[in-house]
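Heads up, the thing below is written out as structure tokens.
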Amino acid sequence: MKDFKQNLSLCMNRVRQEPLVITKHGRPWAGVLPLADDFDVEVFLVSNSRRLMDLFNQRLAAEGRRYSRKEVVRAVEEADRKERKTRRRAA
């Protein structure tokens with residue numbers, strides 16, 4: 713972790729060629745991967761947010777329905793596709 717903080721620029725350049733594993737006290741702590749040009753930040757954040765999933769399911773609990781992480785990601789991706797189509801038509 714210390715090396716990562718001190719050499720952030722060098723580490724970020726290295727990530728372009730290969731994944732980077734950051735260690736803390738000698739143990740793997742995090743991984744850094746290069747992202748594709750079409751990487752969807754919104755889908756990534758939704759699919760990796762336990763808090764968001766909990767809030768989403770609390771709201772739907774009144775309906776007696778719970779959604780899996782996969783179902784939520786699918787719904788976000790579909791909404792994103794529709795929004796992009798709408799933006800393209802408006803342009």
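Start counting the sequence shown at 713; every next residue gets the next number (the numbering used here). Even for Gly, the Cβ is constructed at its ideal location relative to N, Cα and C. Nothing here was measured: the structure is a model prediction, and the numbers come from that model.
Check whether residue i and residue j have beta carbons under 8 angstroms apart
i, j, result
"residue 727", "residue 753", "no"
Three-state secondary structure (DSSP) of residue i
i, result
"residue 780", "coil"
"residue 787", "helix"
"residue 795", "helix"
"residue 728", "coil"
Closer than 7 angstroms: residue i CB and nearest the ligand COA heavy atom
i, result
"residue 793", "In the structure on display, the ligand COA does not appear, and there are no ligands present to speak of."
Sequence-distant residues of the same chain with beta carbon closer than 6 angstroms to residue i, five excluded per side
i, result
"residue 742", "734"
"residue 746", "727 and 728"
Whole-angstrom distance between residue j and residue i, CA atom to CA atom
i, j, result
"residue 778", "residue 768", "9 angstroms"
"residue 783", "residue 790", "11 angstroms"
"residue 757", "residue 788", "11 angstroms"
- Task: Taking only runs that begin and end inside the stretch 732 to 769, name each unbroken alpha helix (DSSP H) of 4 or more residues, in chain order.
- Result: Segments of the alpha helix (DSSP H) lying fully in the stretch 732 to 769: 753 to 759.
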